[in-house]
Structures are given as structure tokens and as C-alpha cells.
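Residue numbers (the UniProt record's numbering), protein chains in the order written: chain A, 1 to 422; chain B, 1 to 422; chain C, 1 to 422; chain D, 1 to 422.
By construction, the Cβ of each residue, glycine as well, lies at the ideal position given by its N, Cα and C atoms.
Protein chains: 4
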Amino acid sequence: MGTHGETRPDALGRRYDEVRSYTERLAAKLSPEDQTVQSMPDTSPTKWHRAHVTWFFETFALAPAERDFAPYQDDYWFLFNSYYEAVGPRHARPMRGVISRPGADEVGRYRAVVDKRMREALADEEALAKTAGIVEIGLHHEQQHQELLLMDIKHVLSLNPLRPVYDGVRPPRGAPGGVGWKEYEGGLVEIGHEGDGFAFDNELPRHRQWLEPYRLADRLVTNGEWQEFMADGGYRRPELWLSDGWAHVTGEGRRGPLYWTEVDGTWYEHTLHGTFPVDPDLPVCHVSHYEANAYASWAGKRLPTEAEWEHAASLEPVGPANLADTESFHPHAASGPDGSLRQLFGDCWEWTTSAYLPYPGFRAAEGAIGEYNGKFMSGQMVLRGGCALTPPGHARASYRNFFPAGARWPMTGVRLADGGAS
Amino acid sequence: MGTHGETRPDALGRRYDEVRSYTERLAAKLSPEDQTVQSMPDTSPTKWHRAHVTWFFETFALAPAERDFAPYQDDYWFLFNSYYEAVGPRHARPMRGVISRPGADEVGRYRAVVDKRMREALADEEALAKTAGIVEIGLHHEQQHQELLLMDIKHVLSLNPLRPVYDGVRPPRGAPGGVGWKEYEGGLVEIGHEGDGFAFDNELPRHRQWLEPYRLADRLVTNGEWQEFMADGGYRRPELWLSDGWAHVTGEGRRGPLYWTEVDGTWYEHTLHGTFPVDPDLPVCHVSHYEANAYASWAGKRLPTEAEWEHAASLEPVGPANLADTESFHPHAASGPDGSLRQLFGDCWEWTTSAYLPYPGFRAAEGAIGEYNGKFMSGQMVLRGGCALTPPGHARASYRNFFPAGARWPMTGVRLADGGAS
Amino acid sequence: MGTHGETRPDALGRRYDEVRSYTERLAAKLSPEDQTVQSMPDTSPTKWHRAHVTWFFETFALAPAERDFAPYQDDYWFLFNSYYEAVGPRHARPMRGVISRPGADEVGRYRAVVDKRMREALADEEALAKTAGIVEIGLHHEQQHQELLLMDIKHVLSLNPLRPVYDGVRPPRGAPGGVGWKEYEGGLVEIGHEGDGFAFDNELPRHRQWLEPYRLADRLVTNGEWQEFMADGGYRRPELWLSDGWAHVTGEGRRGPLYWTEVDGTWYEHTLHGTFPVDPDLPVCHVSHYEANAYASWAGKRLPTEAEWEHAASLEPVGPANLADTESFHPHAASGPDGSLRQLFGDCWEWTTSAYLPYPGFRAAEGAIGEYNGKFMSGQMVLRGGCALTPPGHARASYRNFFPAGARWPMTGVRLADGGAS
Amino acid sequence: MGTHGETRPDALGRRYDEVRSYTERLAAKLSPEDQTVQSMPDTSPTKWHRAHVTWFFETFALAPAERDFAPYQDDYWFLFNSYYEAVGPRHARPMRGVISRPGADEVGRYRAVVDKRMREALADEEALAKTAGIVEIGLHHEQQHQELLLMDIKHVLSLNPLRPVYDGVRPPRGAPGGVGWKEYEGGLVEIGHEGDGFAFDNELPRHRQWLEPYRLADRLVTNGEWQEFMADGGYRRPELWLSDGWAHVTGEGRRGPLYWTEVDGTWYEHTLHGTFPVDPDLPVCHVSHYEANAYASWAGKRLPTEAEWEHAASLEPVGPANLADTESFHPHAASGPDGSLRQLFGDCWEWTTSAYLPYPGFRAAEGAIGEYNGKFMSGQMVLRGGCALTPPGHARASYRNFFPAGARWPMTGVRLADGGAS
């Protein structure tokens, strides 16, 4: 389901250890009670994430690789299957939070046993030949869940009136300055994954697209700009909104981004490192596609298409980015303008105006793993880039993230676009 | 919001009369009770359709055109506004069926009064100058509601165990033969409305798209082919379905198209002309995008993109089509193969694999009329062509119809596509 | 299921004609469209009421009485069965409003045919012997539906912004004066139906109950008194409310009785004869049990038990009452105090503090007719008396009406009680 | 809100320690994860129970008793208030399971601090004078939550496919024999709490009721008898059910008691001590009022009224009972018949046919504590006796337990009654 990445045993084993232990480092900051809670059907408990990614290796790598494979625990195949119909029935998603056992410690033991067996499989050339591809996918899969683990626990903690803190440090002050615009000629361009590195199947095949000339903002929209939108009646003017978006925003009585609360005239923002007054220089985050779209309408601009975004990104030098390894767990202010598309990777996933659909010529893999991406190509919007919760090494120009247009608990932000018309 | 069509007063007045009287002809076959019922939130009562399209002319044409304009009835502005936020608050859509008054007769009087005033406005050159554009839109708007009126009453009657009939004659027997495939080179093509005729704003601007080589089936999928899909477990095999589609199909326990019922091993189909055993030679209709997609997966094919469809359609000769004027009110069997893309217009709206999104450079009109199309560009799929309920003169190659992926009460069908990959 | 009432053929036939034609007189004021609408799952369309009571006679009287019985229309047995499991499956209650056919006229024909056959059966001594009991029940059943028809159409018309009027004249002004209290010794009393007249099975058996001394208010609570309750924060003070009631009132944001609307500081009331400013001297009506209970708490009183009510009512002279035959279709102001329990019958059904439960020794009848009352003895509260929509001859001291505690669309009011404690 | 029980400081302090430490003993068998889960809106997490009962003492005893009272943690007043409107806003009940912090350990610390301060208050004569009454209530309140804690965790564990065990031993085999019937003359009896012991306000005032002669079964209905009911179509015959009950049973597709599962033709029962084949000699438990009522109809009997039950119970010798201290945590089989009403206390709460309503002359206490019982007197049914999860010392003849008619997660069972008719 993806192109192969690294396949040399040593390197793969080392990366396996790195990725797996990073999950445990993220979880170690959370109590057993924290790890048990599911705050809404979209989110999952921390210990479920830890177990599910382990089940993925057990099911897709150990089962084919081990001669005398037996599952660690029969019921885990039911409990920790996320959505693979081909693997069999599974525990209902919205009920993940009622499963107190296995507890966080026992999940740790499950992980340790699978890790031991995985290391044996990775050291065995014959087994490795069968599984290198799926192990690679499993590692990228686990990285996706590292990000989700952080997004989900942020939501869990936000519901607690005690305002609990996860970890991280407050982002440094910045001075992003005004928005600059980078221009692109367009024409017949190619997008989609290219080369030898790893990619998910939905990034393929690389293909041609025709683009009209367009412009992209050179940084993300800031909290300060978002507050101008709010002050100008942004949440009360239906003409700015898509019809579904207006229904959302009025149905839930929204007045600002998720995690913002107004107390005595001051807006505060819940973050993984605590609750603070909204900093106008930081990028706005946790807004839905509907909100991003309304903001763009208000600003007289639009959101980019994914092809515009990817084409532009492929022209940028890859520099340092604010991913999870900065341990802020929150977007940073853009640095001063330097002619590049700032904040391209990291900080916030960027909503595009593209629906999540198969590329021309897309084919899902055979078997259960074919369910990984393809079956979700309906009713979702593409996001590009990465965010401050994305593990390092997991962001790339061709990566297609996707969420429903109303989702706000992912760490999402807004980059404006313009042009494209004749 | 659209390009202008006809503007000569005589011709416009004549078309006004034709379109308006056609609505009344369609409604005349229904009792006051039939015209009152709303069968689900998506559908509207017949008399609501009749009043709403009249409100459209009153609001958007008479109000600006008449010197001493006064509304026919203040409350009608509230009752018969569909979704125009800019015009003010309006009656909740799912509650259209609890409004017994004005009754069907009074709606007829409302129509007559507005028609009289419209004819005066159309005869007055000064008024006409202001309103010709919006009158043209209003006529196409009313044609859309003629089609909806028929789709909606079909749903209403389907819920009645007495199996009531609307009208129409049983389609003639046909022999569509096997599917042929037409090949297209692709390359840099143009799509979108072109020329002087009328078009909605969502068909604009005409723009370039890159297409890889592709093939289209030369007729619609038939009931017989659909029954093979059912017999092969089509509704029980998750691997064929989009994830959202599988949730739909299992959540509602679906086993076949809407309006199909199995009695003692035989499938029957509810139509506007009665309930009959399913005819294997007719096109399958009233399937959702999810079902269309699953069928295509089963057949090893895919649905066309809207650009592929439009490009191909623009190369076809425009021939006779099974639209509402055949008075079958049901798709016909394809005639024998003749090298053309049969059933392109009429018979069934054809699901594409394209999400309903703005064309590059799309701009909605200013004011209330700008809400016509643009704000629905989220969460819906494009359909192309026309159906047996579409009024004559309302189908064209660039026309973009759209419905949510789960909708089945529109008269929807399936044309397969292939290729497009490098 | 009830004790027998009238059984002489002539008298029964005459009463049959009277009751049946009264239904048609009530419906004649409504258009076909009015008769089609169901405004919420609790209410039914007028033409459904007209057909259902006819189905009752056809099913329970004609079927056993006619030698060669054949149903008028097979599907009507499905469409017009309300809740009799023993008679077979039936159309879902909340979907009664989507059935446009049979129309109002055809329902009239159905009624005429059944009436003709019923008159023959009533004239035939042998048939009469089999059916006199059930015919009697059928007539009382039809009277219940006459009342429901009016309650339901009041709700339908209330949802229409055109403020349509059913019929009736505005109640005369009155001067009810302050509340007086009548005292009762209690002790071992008997309640339940007694004597030869008709009664439903739930009024039986007559049995003993022990009552502590108590007092009853000699008139209903007025709109003026209710407005004092509102002004004193009645709808904002949780300590006055049952827990379920508080959830209702806050969940729906209620600020006054159903059908009251505040416009520019003045409260208006929707009635069957039009919308008028609230008259402080009229009894408050369309309040739920929860509201009645909260009002009583605020007033430092309580609601009566059904035994207290019935015992007191059995001591009162039966005088004229404001039932449907006054054609006000709305409660009247109490006349000046005269030492009696004013407004006992008619005006408003009176909430009691008694749950609707079987009397000691209650047994439901055998067969389908046993479903009439017994199976609803759960989750509902008893109301006593009658209301301004009750047909004459249908109110009596032992009559047990019942509705869920949250129901407001019946014409319900409040009589206070006190005492009962040692 | 109750009559006083024990007020001597020493005794009260000793009882305080006993009750408080018993809660912790029950919770100690559960992991932090177990203690965090809320399985449905009706149930609460273990650690919430532990904190809420502590909040009760802090709010109602410490706050008035301590000179310089300050809350342990401000937010706990919000988080651990169950339903006391007078104490202020509170955390939404269905969201108790998303609160991971305070964790189980921190709740233990909260308990320890409040216990220390409570012991000081109990040792201080002046403080004691103010709080003895409320402390007594608080202890009975905590005992109620000990029972709920067990009922709730039973439900939590039941949802886990791993079939986790709480604790307890399998009940001994028994031979209950056939049902015997005890006869009662009835007449004018007194019910309600009497004497010096503790009682809740809803058990007062003691008052007279008239009872017709009646009979009670001398033991609870067994699993074996319930299986006969099932085999005879008990869950498929609407004529046995109350209308609301039939809607419940068909809507949820129920075929047996809660916690029963059929595997390959054998029924298994989930208990706190594990999952075992259903033992026909044990009492049936976890059935709703609707199910109990349907069973009684099928058996040609009825459920007792609460007055019948209490009158009979007051004539019985108080013997040993299967309460939580037997540590079975499950009902026992009835011992052989001995002329008494076996299983009166303990084993299963017994559904009555009485709605939960105020006794004649009932008055709720002033202030927040008045919300304890009175506001729930709507929409619920009375249960009498006690169950195998009830802490010792918490069962008495006048005790009125109450749940909605559809509740099944409490440990509920069935005792039949007969007679009562004239």
C-alpha cells in the first residue's frame, strides 16, 4: 500500500526501536486514568492507541512472518482492530472508552512481547523479506497515531474543569509581520509521490495536473487576524459561510476556534502546556474547514487546492520545522519574512479546498491493508503540511492528510491563496 | 449568477408562460392532500414547490421592477423562502409538511396574481431591462423544481401501502445489448459553459483541465446487471464499499436500490406509473453514490470524473432524449448500440467521482442570488446529464447537478469509466 | 371492556347517528390539506381520526356481526389500526402524516359505507345481540377521538405563521373572584364506576380507599395567577420543580404555557378561535403536569389525588359545563363563587398527583379490546373532569383520562389541593 | 430530611469510620482504569462515587460546622455535585467518564483529608450538635453509593469482551422448591417509617392505607421459571406487555434479562464473580419493571403494591439476609420453605406496581438537602427489600427504593402477588 522505504535490516530495526519507544515516551506523561478516557467518538484513549499500533504489527507483520504464530490474546484482535473489515468484527469505535482492561500496564506488557517477537522477525532474513514493506507501513502508521494520541489527549484534558496540563513549554514570542504573497505560473505540473522514499498509497500515482497562475500567502493566518474576523462579525454573517458550515456554527453556537474561551472579555486558549491568554502572533489553530473557508471569504481570498500547495511546496527548500520534537506541542509564531513559504511543515495542518479523492489511476492494495486509505475517499477534505504534534520525519510535500470539514480537534490552521482564474 | 440567455421580450414572455403552465400541468394530477405531504426533510410538498418558485419571481423580479411593489402576503416571504439568508428568516425546512394553509387552491391564486404582474413587467421595457437576467434564472429555477416536484412526489407515494400511481406509461421493452466502450485521448481540454446560452454560475468560468486517456461505457448500467451485483453479494461485501457507504448500507439494512421490494423472491419497483416487476433491460435508478461506487468496484471499473464526462459529452451529437416530455417518468432501455454514448441526457442523472467544488476562478454573484449555488459546494457529489423527470430544454453538457453521496430519492444511475492512469 | 350502557336498538341507532355525524360536523370546518397534516408524533391527522374510528366499528362490530363480512379495503386494516397488536401489524404512528391517500373525500365515502352497514346490523336483532356492547364502546371511543381531533388540529394550526383559525367564539368576560376552599373529612370512601351507565374498564372495579382530611380549591387556576407565578421566577427556580420537569423546562427553554407567545412585552394566546392577548380571568390551559406541580409548589399547595377528586366530585350536583357544545372551544372564566366546586367538568382536564395504575382487582378484557386501556398503565398521570373540547355526554366523575407528565397539547389545567397529612 | 438515628458522638464516629472504610474496601479491588470508566449516562465511575460521597460530607457537614471552612478544592464542588441545584452548577452527568483527573489516588487523598476534618468535627460537641443529623444522612447516603458502585462496575465490566471479574464467590447450590403463598387480610393498615431509627424523608409520614385481602409469593421468581416464560414466547407476545414495555423490548431486541447471553443454545450470566451458565435455582435478576410485569401477566398474577409489601414485611421476623457482607455479590437460591416470606431483604430489589409518589402529607426538607428524594417523585417505580449488593444495616421494611420502569442495571427481581380484588 505504499512504496517501499528503508529495507536494510539494521536500519529498519533501529527505526523500529526509535518509533516504538517514542510512543511510550509520549504516553509516559499520562496517568492510567488519563490513558483510559475517550472524550468523544472521534477520539481514542491513549492506551487504545498504544495497543492498536501494536495489534497492527502483530496482525500484518508477525502473523505472516512467524512459523507458529499465535495471537498474544485472542480478544485483542477484536478490541484493537480499528476499521479493517477483512480482519473481522471489532469493538465499536464510540465504546473504546468503556474498556478499562487491559490497563495501561498490561498494554505495556503487550507492547514488550510484540516488540521482542518483532525484533526476532527483523533479524531473520527470510521473515524480513516477507514483512519489510508492511513493517515500514507500520512505523508510519504508528507515527500517525503518535500525532493522534496528542490531538486526542488535548481534547480529553480540555473537558476537565481542573485545566490539567500535559507537557511542553510556551512558544517563544515572535513577530511574524504582515502577509507576503508568492506567485506561481502554474501550467502542466506533476504532483504525487516521487522517488524511493516511503509514501502511502493515496499519494500515488504521480500524475499531471493543469494549474492556472496562483499566489500563496507566505505564512499562516494568526490569532490576531482571526480576532479581527471575529470582531467584524465573522461568526454571525451567513454570507461568508458554506451552507453546511453555517448550520454547524449556528447549531453549536460557536464564537471562536475550539479551545478558546472568553472570560471577562479576554480570550483564553487551552493548550497541552496550559491555558493562557490568546497570543495574537501565533497561528490560529483548531479551526474547521468551514471556519477556514469563511475566513478566506471574509479576507477576499480562498484556500489553496492541494495541487497548488504541493507544487509550491516542491519548490521550497526543506528547512527546520516546528514538529513534535520541539516539545512545544503548539504552533510557533512565524519567523520574520525571508522570501520562503514559512510554516509549510509543522505548526498547523493546512486546510485545502480539495476533497479527498483518488488520484487518477489510484489502486488500493489487495487484502486488508487496502482498507488503509482508499475507503475513506468520501466526505473529507485534504490537509497538507504537518503540525506541532507531528513526529519528526513524518512530514513531506506529497503527504495527504484528511478530515471531515467540521473537524476541529486536529491541529488545523489556514494558509490563504489567490488567483487561479482566467 | 448565470450568463444571460434569451432577452427579447416576446420570446421571454412566451417562455415564461410555457414554463409556468408546465408546473401547473404536473401538479394538476395531484389531489390537495397529495400536494400537502412532506415525506422526509429532503423532500418538499408539491404546493410548497409551486409557491416557492412564485416567491422567487416575486422577490427577485417583481420587487426590483415594480414601482409600488408590495408583497402579495407578508408571511409568504417567510414561508416560501427556501434558503436565502439575505432575504431574511424562513420557515424550517423539515416543517414544510405541517403547513396546511395556504392550500393548493390558494397557491394557485398566488401564482395567477404573480403571473399577471410578471406579464406586465415583461411587457414594460424599463422593467424588463432590470429583470431579464433574473427572470431567465427564475425560469431555469422553476424547471429545477419541476424535476424536484416529481422526485419528491415519487417518494411521498412510495410510503403509502395503497401503492398510489401518479401518471405516465410503462417504458417500452428494449434490447440494450452489451456495454461498448468509447475511448478518449485526454490531454489539455476545456470544460465549463461556453457561448451565449443560459448557464448557472457554477458552470463558470470555462477553464482548462488535464485529462489522462480514458474510456466511458456507451450506456447506463441495467437492472439486470445490478441484480448480478446483488446476487454476487454486492451488498454484503465491505471491501467493495467506501467506509461511509458501508455504514449507510449496513445501518439501514439495504439490499437493493430505493423503491425495490422483494416479495416471494421477485423484486418489484415502485415507479410513478405503478409498481411492476423489475425489468432487467431498464437502467438501474435511485442508487446512491455509495452504491454506484461499490458497483463500479465490483465491476473492476470506476465512475467518471465530471471533466471526463463533460469532455466526452461535448463531442457527441445532441439527439432525442428521454426527458419528462416523453411522459414515461421513468428511464427507458437503451436503444441498440450505434457508436454514440447512449442515454447521455435524460433517463438517469449519472454519478461522477467528482466532489462538487468551485471551478478555478469561480465567483458567486453579489447579494441574495449569490447563495444560489456557491454555498452548497461542500459535502456533495456532482451528477451529470439529466433524467426522465427533467423538463425538456433543461439538460446540457456543462450542467452540474449535485447531491450528497447518500441521496437515493433523485433519479440517479450509473455509467462506468475506465483508464485515466499512467 | 366496559359495563354496558344503552342496548335498546332504536336508542342505540339514534345515538350512533348522532355521534357519527358530530365527527363529520367537526371535520367539515377543515380543508383537505388541514385534514392531512400530522404536526408531531403525538398528534394525528383529522382524516386519520375519521377513518380510524370507522375502522374500529368495522373491525370490532361489523366483522363479528356480518355473515359474509369482507373488509371495505384490505389496506385500511393496516393504515387505520392505532395500536391493537392483536389485530395485526399497522402503519407507524409518526408516519400518519405522509399518507395523502385515501383523501378526505374518500374517507367520507368509507364512513358512509360503514355507517350503512352498521345501521343494518343495528336493525338486526341477532347481530345486535352480538355487538351492542362493542358498539357502545365504539361510540365512546369516537367521542374520545372527537376531542383529540380538536386538540390535534389546534396544534397543527399553531405551527402555521399565518395564524389560521378553526372556529368558535371568544369566551365571555368573567369575574371568577378569589379561590375558595371546600373541606372534606375523608375516611374510608369508595371510588370507581357505579351503576348501569357506560364506563371504561379502567374505571373498575369500584373499591375502597382511605383518605385523610383534605381541601380542594373551588375553581381552576387563572391566567392572571399563572402570570404572577411567571413574574415571580416560576420558570427559573429549580426548587419548585420535579427533576424531570426541570429538565423539560430548561431543555426546551420554556417560559410559559404552550400556545403563549410574548410580543413586545404582551403575552398572546393561540386558540381555535384566533390569537388574542391573554385574558387574566380565564383558566390557564395547556400546561404540563410538571408545570402544574411547580405552580402548586410555588403556591404552597399540591395537586389532588384522583381519589380525592372523584370523592369530591361525587358529592357535587351535576350542572351545566363548558364542553364542546358551547362552541367556544376554549375554557370559560369561572362564574362567581356559589359554594360548589366550579369548573369540575369541562373547561380544562385537571392534572392529579396520581400515576395511572390499575385499580385493585382490575382485569383487562379478553382479546384485542383488552388493549384499550390496560397496556397504557405505565408512565402516565391521571387527569379528571373534562374540557371545552369534550363532546357533551362524555364527562363523568369516575372517568380516568391520562397523559404523560410532559404533555401540553391536551387542554389541561390546574385545581389546587391541600391537607391530607396527619 | 430523615428522622435522626444515632447521635452519641462515640457511636457516630465509629459508624463514620466503618462506613467510610467499607467504601474504600470495595474500591480497592479495582484498578485506576476500572475506577475511571462511565459505561452509560445512568452509571458513574467508581472514583466519582468515592469523591461525591466525600463532597457530600464536606458540603453539608463540614461547611456549616467548621469555623474557618474552606473547600478542599474549589472545582470539586462543581465536579462532585450530583444533582443539588441549590449548591450551584455542576458537571454534566453523562460526562463523568471523561474526567481523568483527579485520579483514583488523589481521590483517596481527598477522602483522607475530609475524614480527618470530619473526625475533629465529630469530636467537637458544638460542631456535632449542628451536624449529627446530616452526618447520619451522609452515612446512609454513602451506603446507597456503595450499592451503586457495585451495580455500576458490574455494568462497566459487562461491556468488556475480556469478561473481567470483580470479586466474590459463586453462590451455593440451593433447592428453593415450589412457590408457597402467604395470605393477608388487609383492612386499614399503617405504613411508613415508625420509631427512633433512621429513615429518609420519603418514608414519612407514617399513614393509613386501606388494603383488600391479598397474597404474596413466599420467594422470588427463579431463573428456571424465567426460562419457562422465555420458552413460552414471553418476549414475543405483546399481549403480556405494557405498551411502553413492548416498545422497549422490541426496540432493543431483548430476549432475556440483562447480562444473559446465549452461546450455542446455552444461556450464560455475567456476574461480579465471573460468567457462568444460568443456574435455574437462583432468583432471576436484572429485569426491568416492564419485564417483571410481563412475567406476572404470563403467570396469571401481578406485582405487589408497596403498601402490601411493607405491611407483610412488618409482620415478618427479621432474619439473616444475603446482603453485600456475604461477599457473593449475587442473589442466593431461596432456602427451603419455612412459612416465612423468604428473600424479603437482600438478594434482589423487588419491583412493586406502585409509582414513586409522595406519601400523604409528605414535605421535603428546606434547602439543598430537600432535593434528596422529593424531586424524583415522577416517572419512577418503587422497589422494596434490598439486594446482594446492599451494605448490611441498610435494609428495612419501610425503605423506598425507586428506578425508572426500564432500568435493568440495578439488581432487581420479582415477587408475585395475587388478590386485592373484591
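- For residue 47 of chain C, DSSP assigns no beta-bridge partner whatsoever.
- By the 16-neighbour rule on beta-carbons within 10 angstroms, residue 378 of chain C is buried.
- DSSP assignment within the stretch 226-276 of chain B yields the following whole alpha helix (DSSP H) runs of 4 residues or more, N-terminal first: 243-251.
- Around residue 104 of chain C, the same chain offers 32, 35 and 47 as residues with beta carbons nearer than 7 Å, after the five sequence neighbours per side are excluded.
- Pairing residue 359 of chain B with residue 280 of chain A, the inter-Cα distance amounts to about 34 Å.
- Residue range 181-184 is occupied by the beta strand (DSSP E) that includes residue 183 of chain A.
- Residue contact with chain D for residue 385 of chain A: absent (no Cβ-Cβ distance below 9 Å to any residue of chain D).
- In the structure shown, the three-state DSSP call for residue 113 of chain A is helix.
- Near chain C, meaning a CB-to-CB distance below 9 Å, the residues of the stretch 158-181 of chain B are 159, 160, 161, 162, 163 and 164.
- Interface residue (Cβ-Cβ distance to chain D less than 9 Å): residue 288 of chain A is not classified as such.
- Annotation: residue 119 of chain A to residue 16 of chain A spans about 8 Å, alpha carbon to alpha carbon.
- Look at the beta carbons and you see the stretch 196-212 of chain B not touching the stretch 334-344 of chain B: under three pairs across the two are nearer than 8 Å.
- In this structure residue 321 of chain D does not touch residue 361 of chain D by the C-beta definition: roughly 31 Å separates them, more than the 8 Å allowed.
- In this structure, the straight-line span from the alpha carbon of residue 287 of chain B to that of residue 413 of chain B is close to 6 Å.
- Of the residues D:299, D:399, D:179 and D:137, the one whose Cα lies closest to the Cα of residue 333 of chain D is D:179.
- A distance below 6 Å between beta-carbons, with the five flanking residues on each side excluded, links residue 80 of chain C to the following residues of its chain, in chain order: 51, 52 and 55.
- Counting C-beta atoms within 10 angstroms of its own C-beta, residue 87 of chain C has 16 or more neighbours from the protein chains shown and is therefore classed as buried.
- For residue 380 of chain A, the nearest beta carbon of chain D is not closer than 9 Å to its own beta carbon.
- In summary, the residues of the stretch 330-363 of chain D whose CB is separated from some CB of chain C by less than 7 Å are 353, 355, 357, 360 and 361, in the order they occur in the chain.
- Looking only at D:295, D:106 and D:204, the smallest Cα-Cα distance to residue 238 of chain D is reached by D:295.
- Residue 94 of chain D is outside the set of residues whose beta carbon lies under 9 Å from a beta carbon in chain A.
- Secondary structure at residue 322 of chain D: strand, using DSSP grouped into helix, strand and coil.
- Looking only at A:350, A:364, A:368 and A:419, the smallest Cα-Cα distance to residue 400 of chain A is reached by A:350.
- Annotated as proximal: residue 375 of chain C and residue 242 of chain D, with beta-carbon spacing under 9 Å.
- For the C-beta of residue 212 of chain B, the chain A residues within less than 8 Å are, from N- to C-terminus, 207, 208, 360 and 361.
- In chain order, 371 place their CB closer than 7 Å to the CB of residue 85 of chain B, counting only its own chain and leaving out the 5 sequence neighbours on each side.
- The closest CA to that of residue 127 of chain C, considering only C:147, C:65 and C:91, is found on C:65.
- Close partners of residue 37 of chain B in chain C (Cβ separation under 9 Å): 36, 37, 97, 98, 99 and 100.
- When C-beta atoms of the stretch 265-272 of chain D are compared with those of the stretch 392-406 of chain C, fewer than three pairs fall below 8 Å, so the two segments do not count as touching.
- Taking a beta-carbon distance threshold of 9 Å, residue 83 of chain A counts as an interface residue toward chain B.
- In this structure, the straight-line span from the alpha carbon of residue 28 of chain A to that of residue 102 of chain A is close to 17 Å.
- Taking a cut-off of 8 Å for Cβ pairs, the stretch 240-255 of chain D and the stretch 183-197 of chain D do not touch, as fewer than three such pairs fall below it.
- Residue burial annotation: residue 327 of chain B is exposed, with fewer than 16 other C-beta atoms found within 10 angstroms of its C-beta.
- Residue 151 of chain C: member of the alpha helix (DSSP H) spanning 125-158, first to last residue.
- At a cut-off of 9 Å between beta carbons, residue 273 of chain A makes no contact with chain D.
- If you check each beta-carbon in the stretch 219-247 of chain B against every beta-carbon of chain A, the ones closer than 8 Å belong to 238, 239, 241, 242, 243, 244, 245 and 246.
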